[in-house]
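One structure is given here, and the rest of the page talks about it.
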Amino acid sequence: MTAQPRNFLKQIRLVRARAPLRLSFCGGGTDVSPYADTRGGCVLNATISRYVYGTLVPKSERSIGFRSFDYGTVVYWTQEEHFQFDGQMDLVKGVLKRFELDKFRTE
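Note that my numbering has the sequence shown beginning at 1, numbered continuously upward.
As structure tokens, this is what we get:
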């Protein structure tokens with residue numbers, strides 16, 4: 001998947017995603033790279049009827065905001081800031097970095 005960071009925020013009005021929660025009973029982590037690439041993997045897991053939700057709404061401001069309802073936290077990053085993986089909202093930062101939104105442009 002190739003991201004288009006310069007135009008991505010201009011082209012969308014709303015992105016909403018939902019993913020089921022997964023319970024890992026054993027072998028968690030052996031099914032992903034790099035471990036699985038060299039040793040193979042075997043995992044026993046199940047999904048449950050609980051979900052995690054995410055919504056991305058582009059705004060005209062030159063920042064990205066994230067609100068965690070379960071932790072009661074709101075975090076904003078400006079265009080000039082670089083994400084620091086410091087244990088705070090690192091999963092969200094990783095997703096934004098994957099889609100190159102850490103280099104976002106809204107002008």
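All C-beta atoms in this analysis are idealised placements derived from N, C-alpha and C, irrespective of residue type, glycine included. On a predicted model such as this, the values are computed, not experimentally measured, just so you know.
Endpoints, the beta strand (DSSP E) within which residue i is located
{"i": "R22", "result": "15-26"}
{"i": "V95", "result": "Looking at the DSSP string, V95 is not in any beta strand (DSSP E); the run it does join, the alpha helix (DSSP H), is 90-98."}
{"i": "S49", "result": "44-56"}
Local conformation of residue i per DSSP, three classes
{"i": "R62", "result": "coil"}
{"i": "T73", "result": "strand"}
{"i": "T38", "result": "helix"}
{"i": "S68", "result": "strand"}
{"i": "G87", "result": "coil"}
{"i": "T78", "result": "strand"}
Beta-carbon proximity of residue i to residue j, cut-off 8 Å
{"i": "Y71", "j": "R18", "result": "no"}
{"i": "Y53", "j": "G65", "result": "no"}
{"i": "F85", "j": "K93", "result": "yes"}
Residues near residue i by beta carbon distance below 6 Å, same chain, minus five either side
{"i": "L56", "result": "V15"}
{"i": "D31", "result": "G41, V43"}
Neighbourhood of residue i by C-beta distance below 7 Å, restricted to the same chain and skipping five residues each side
{"i": "K97", "result": "F83"}
Residues of its chain near residue i, where Cβ-Cβ distance is below 8 Å and the 5 sequence neighbours each way are ignored
{"i": "S49", "result": "P20"}
{"i": "Q88", "result": "V75"}
Does the region 45-57 come into contact with the region 13-27, if we say contact requires no fewer than three beta-carbon pairs (one atom in each stretch) closer than 8 Å? Output reads yes: the region 13-27 touches the region 45-57.
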